[in-house]
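The structure under discussion appears below in the form of structure tokens.
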Amino acid sequence: MTHASILYGTAQTNTVVIATAGNERFTLRRLEVMADNANTADVGCGLGLGVSIMLQSFAGHPGIPAGSGFVEVYPEGIIEPDMGQQLLFSCETPTSGGIRVSVSYERHVFD
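Per my numbering, numbering through the sequence shown is continuous, rising by one, with the last residue being 103.
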């Protein structure tokens, strides 16, 4: 299992969180999005699948308050995109703070 955690301090549009090659897929097991306690405004965000543009959104929030967030757990690995698709993240500006995206996933490579 691979774990990654990325802190963003600016607005994001279709930023790659999990990158894949054309012969790869991933199974997402856990997703966490947390807003910094220092944020002075709520932060809207969304996560979804695509290659360079989010084609299918599956998680998000219209405005995460400072010091808060959300966690999604997929015990069966329910999100397994088509070959070469990536996990993408978009958010509003986390004013005076940041927003952290953490994921746990398994990578599958096919010949």
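For each residue, glycine too, the CB sits at the ideal point set by N, CA and C.
Return helix, strand or coil for residue i, following the three-state DSSP convention.
i: ILE45; result: coil
i: ALA51; result: strand
i: THR19; result: strand
i: ILE91; result: strand
i: GLU114; result: The structure shown does not extend to residue 114, since the chain is modelled only from -7 through 103, so no value can be given for it.
i: GLU84; result: coil
i: SER(-3); result: strand
i: ALA105; result: Nothing about residue 105 can be reported from this structure: the residues present for the chain run from -7 to 103 only.
i: THR12; result: coil
i: GLY38; result: strand
i: GLY61; result: strand
i: GLN77; result: coil
i: THR32; result: coil
i: THR2; result: coil
Pop quiz: residue i and residue j are said to be a contact at Cβ under 8 angstroms. What is the actual Cβ separation, rounded to whole angstroms?
i: ALA51; j: LEU80; result: Contact flag wrong, Cβ pair sits at about 11 angstroms.
i: ASN31; j: THR87; result: 6 angstroms
i: GLU72; j: THR19; result: 5 angstroms
i: LEU39; j: LEU47; result: Wrong, their Cβ atoms sit about 12 angstroms apart, outside the cutoff.
i: GLN78; j: VAL43; result: 7 angstroms
Under 8 angstroms between the Cβ atoms of residue i and residue j?
i: VAL8; j: GLY61; result: no
i: ILE56; j: TYR0; result: no
i: ALA(-4); j: VAL95; result: yes
i: GLY69; j: PRO54; result: no
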